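J.: One structure is given below, represented as structure tokens, and several questions about it will come after.
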Amino acid sequence: MCSFDYQTIMSISIYGSSVVLMLLGLYAVLVKKNLIKIVIGLSIVDSGLHLLFVAVGYLHNGTAPIFSPEAVDKVNQMVDPVPQALVLTAIVIGFATTAVALSLVIRLYKHHKTARIDQIKSLKW
Amino acid sequence: MKRFLVIFLMLALGFYLIQALHFVPFGANRMGAPADKKTVAAFYLNETVPQTAVANVVTAIVVNYRGFDTLGEVTVLFLATTGLASILYKRRDEEETERVSKPSSTILQTGAKVLFPLVVILGVYVFVHGHLTPGGGFQGGAIIATGFLLMLIAYQKYHLSHSMLTWVESLAGILFVSIGLWGLITGGTFLENSWFPKGTLNSLISGGAIPIIYIAVGFKVAAELTGVLDILLSTKDDKSASNIQQ
Amino acid sequence: MFYAGIFSFLALLLIASAWYAIRQKDLLYGVIATGVVSLILSVMFLLLQAPDVALTEAAIGIALTTIAFVITIRNTERYENDKVESGFQNKTKEE
Numbered sequence: 001m002c003s004f005d006y007q008t009i010m011s012i013s014i015y016g017s018s019v020v021l022m023l024l025g026l027y028a029v030l031v032k033k034n035l036i037k038i039v040i041g042l043s044i045v046d047s048g049l050h051l052l053f054v055a056v057g058y059l060h061n062g063t064a065p066i067f068s069p070e071a072v073d074k075v076n077q078m079v080d081p082v083p084q085a086l087v088l089t090a091i092v093i094g095f096a097t098t099a100v101a102l103s104l105v106i107r108l109y110k111h112h113k114t115a116r117i118d119q120i121k122s123l124k125w
Numbered sequence: 001m002k003r004f005l006v007i008f009l010m011l012a013l014g015f016y017l018i019q020a021l022h023f024v025p026f027g028a029n030r031m032g033a034p035a036d037k038k039t040v041a042a043f044y045l046n047e048t049v050p051q052t053a054v055a056n057v058v059t060a061i062v063v064n065y066r067g068f069d070t071l072g073e074v075t076v077l078f079l080a081t082t083g084l085a086s087i088l089y090k091r092r093d094e095e096e097t098e099r100v101s102k103p104s105s106t107i108l109q110t111g112a113k114v115l116f117p118l119v120v121i122l123g124v125y126v127f128v129h130g131h132l133t134p135g136g137g138f139q140g141g142a143i144i145a146t147g148f149l150l151m152l153i154a155y156q157k158y159h160l161s162h163s164m165l166t167w168v169e170s171l172a173g174i175l176f177v178s179i180g181l182w183g184l185i186t187g188g189t190f191l192e193n194s195w196f197p198k199g200t201l202n203s204l205i206s207g208g209a210i211p212i213i214y215i216a217v218g219f220k221v222a223a224e225l226t227g228v229l230d231i232l233l234s235t236k237d238d239k240s241a242s243n244i245q246q
Numbered sequence: 001m002f003y004a005g006i007f008s009f010l011a012l013l014l015i016a017s018a019w020y021a022i023r024q025k026d027l028l029y030g031v032i033a034t035g036v037v038s039l040i041l042s043v044m045f046l047l048l049q050a051p052d053v054a055l056t057e058a059a060i061g062i063a064l065t066t067i068a069f070v071i072t073i074r075n076t077e078r079y080e081n082d083k084v085e086s087g088f089q090n091k092t093k094e095e
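Shown next, in the form of structure tokens:
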């Protein structure tokens, strides 16, 4: 175990948890029959992807990319701001898509009286 | 059977993802020295303060360098609100349904009344200071929507005027687009903000038009998210009483 | 060293709550577990030096998404019905 330094542990835990989150969400989307469970799976895939993006931009011993009065001259230590900007917008879009998907679930339930996709036979409502 | 296929697919996918991430060392410097400006991130880190005088680089990227992207994103939010309203439509002549079936407790009502102004003030602070501290229009708008959500849950009779929300949203959007177009007329590119006085770094009035745009985005996002929650909360729940007993 | 410990602990907690959210038959518990995933993720973003993203995740992921799911559950059904969970054969038999 002493061959593992702390940076390896950090990289395994961050990358590993984001990959596992994506795979768990994908499992829920592919296997589960309940529509709300499927939307939960989609939002978990979203979370894993956001974590992966932010983790790729991280820098060891970095600071946040904000030029506050204490950090004006720390340009060389700042983490990558581009993935953060991308993830910032992706989270808001993720909420909008989740809300639209949930409204479709409500609508389907009102029409078919069930939330299981294998009992919804007709494509027309 | 299907589950084993899915697990096999997941294992294969996970293997390839891990293999790909093996070549992306965690925490390594991938953007080079910022002074070289070899990569996009180094360019942003190096040029944000001279070009825009904004302390928060993420704000500068979201609002100025990739401002067109933000405009598209706000449009997507608007379309989501519209789509939600048209999916969960309700006829006007249907009886006015109560939003919550049971009245909420006095503790929740009093707590909501006390917390609501504080939450709104926090949201306004977050998006007004978006160019200095972490935060900005999206975060502040979401916080304000949370405050309205508290009121909507606590009071059955709390009605939001939808024409008011539409007006706020439209005016904020028009402000955003007109600042962009003014930059196009005077500076040659959309959202060019060199026509505005820059101010000094790390003071409240700095960054040219960026704080104004982020305040507009804050109002727009707050109106849109509040609209989404209001539409979702005012759907009829005729099934819920029987289902909870199941 | 300190960070490595915190990150591995948070990663385990994240995976455990995501697993719970997917396995739980009571959808309300699952949705709350999704909110817990967002909460841990927000702390992780803060530790990864991304305070903007952490603030967004805290406001949207924890509060608004959870409430949207809860409203949907109120309008549909609360329990995941797994009568024909194991799939194809059972379902054809039932028909």
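Protein chains in written order, with my numbering: chain A, 1 to 125; chain B, 1 to 246; chain C, 1 to 95. A virtual CB, placed ideally from N, CA and C, is assigned to each residue, including glycine. All of these numbers come straight from a predicted model, not from anything done at the bench.
(1) Output the residue ranges of the alpha helix (DSSP H) runs that lie fully inside the region 34 to 88 of chain C and measure 4 residues or longer, sorted by chain position.
(2) I believe Ile91/A touches Thr56/C by the beta-carbon criterion, under 8 Å. Please report the beta-carbon distance rounded to the nearest angstrom.
(3) Using 7 Å as the limit for Cβ to Cβ distance, is Thr89/A near chain B?
(4) Can you grab the Cα-Cα spacing for the pair Met164/B / Gly208/B, in whole Å?
(5) Quick check on Arg23/C: does DSSP put it in helix, strand or coil?
(6) Give the C-beta separation of Leu45/B and Val57/B to the nearest angstrom, bearing in mind that I take them to be a contact with Cβ-Cβ under 8 Å.
(7) Can you pull the chain A residues whose beta carbon is under 8 Å from the beta carbon of Val37/C, in chain order?
(8) Which runs of the alpha helix (DSSP H) fall wholly inside the region 96 to 142 of chain B and span at least 4 residues, in chain order?
(9) Taking the alpha helix (DSSP H) that Leu184/B falls in, what are its first and last residues?
(10) Here's the rule: buried if 16 or more other CB atoms are within 10 angstroms of the residue's CB, otherwise exposed. What is Gln119/A?
(11) Under 8 Å, with one C-beta from each stretch per pair, do the region 70 to 81 of chain B and the region 91 to 103 of chain A reach the 3-pair mark?
(12) With 8 Å as the C-beta to C-beta threshold (strictly closer), list the residues of the region 34 to 59 of chain C near chain A in chain order.
(13) Taking Cβ positions only, does Ser8/C come closer than 7 Å to chain A?
(14) Determine the chain A residues that contact Glu73/B at a beta-carbon separation under 7 Å, and present them in chain order.
(15) Quick one: using the 10 Å Cβ neighbour count with 16 as the cut-off for buried, is Glu70/A buried or exposed?
(16) Using a Cβ-Cβ cut-off of 7 Å, state whether Asn75/C counts as contacting chain B.
(17) If you draw a straight line from the alpha carbon of Asn61/A to that of Gln139/B, how long is it in whole angstroms?
(18) Grab the span of the alpha helix (DSSP H) containing Asn46/B for me, first residue to last.
(19) Which one or two residues does DSSP pair with Ile7/B in a beta bridge?
(20) Of all Cβ atoms in chain C, is any one closer than 7 Å to the Cβ of Thr97/A?
(21) Pairing CB atoms from the region 16 to 25 of chain A with CB atoms from the region 43 to 61 of chain A, are three or more of them under 8 Å?
T.: A quick look at the data gives this:
(1) 51 to 56, 65 to 75
(2) Walking along the first sequence from the start, residue 91/A turns up at place 91. Walking along the third sequence from the start, residue 56/C turns up at place 56. With 8 Å as the limit, Ile91/A and Thr56/C qualify as a contact, their Cβ atoms being about 5 Å apart.
(3) Translated into the one-based positions of the first sequence, residue 89/A becomes position 89. Judged by the 7 Å Cβ criterion, Thr89/A is in contact with chain B.
(4) As a first step, residue 164/B must be located in the second sequence, where it is residue number 164. As a first step, residue 208/B must be located in the second sequence, where it is residue number 208. Straight through space, the alpha carbons of Gly208/B and Met164/B are spaced by roughly 29 Å.
(5) On the third sequence, position 23 is the one that residue 23/C refers to. Arg23/C: helix per DSSP, three-state reduction.
(6) Residue 45/B sits at position 45 when you count from the first residue of the second sequence. Residue 57/B sits at position 57 when you count from the first residue of the second sequence. Here Leu45/B really is in contact with Val57/B; their C-beta atoms are around 6 Å apart, less than 8 Å.
(7) The sequence position of residue 37/C within the third sequence is 37, counting from 1. What Val37/C touches in chain A: Leu21, Ile44, Ser47.
(8) 106 to 128
(9) On the second sequence, residue 184/B is found 184 positions in, with the first residue counted as 1. That run of the alpha helix (DSSP H) goes 162 to 187.
(10) Along the first sequence, one-based indexing puts residue 119/A at 119. The residue in question, Gln119/A, is exposed, as its Cβ has fewer than 16 Cβ neighbours within 10 Å.
(11) yes
(12) Thr34, Val37, Ser38, Leu41, Met44, Phe45, Leu48, Gln49, Ala50, Pro51, Asp52, Val53, Thr56, Glu57
(13) In the third sequence, residue 8/C corresponds to position 8, counting from 1. Answer yes: the Cβ-Cβ gap between Ser8/C and chain A drops below 7 Å somewhere.
(14) On the second sequence, residue 73/B is found 73 positions in, with the first residue counted as 1. Correct list: Thr89, Val92, Ile93.
(15) Residue 70/A sits at position 70 when you count from the first residue of the first sequence. Glu70/A is exposed by the Cβ-count criterion.
(16) Locating residue 75/C in the third sequence gives position 75, counting from the first residue. Yes, its Cβ sits closer than 7 Å to a Cβ of chain B.
(17) Along the first sequence, one-based indexing puts residue 61/A at 61. Along the second sequence, one-based indexing puts residue 139/B at 139. About 26 Å.
(18) Taking the second sequence and counting its residues from 1, the one referred to as residue 46/B is at position 46. First-last of the alpha helix (DSSP H) with Asn46/B: 40 to 52.
(19) Start at 1 with the first residue of the second sequence, and residue 7/B comes out as number 7. In DSSP, Ile7/B forms no bridge with anything.
(20) Locating residue 97/A in the first sequence gives position 97, where the first residue counts as 1. With 7 Å as the cut-off, Thr97/A does not count as an interface residue toward chain C.
(21) yes
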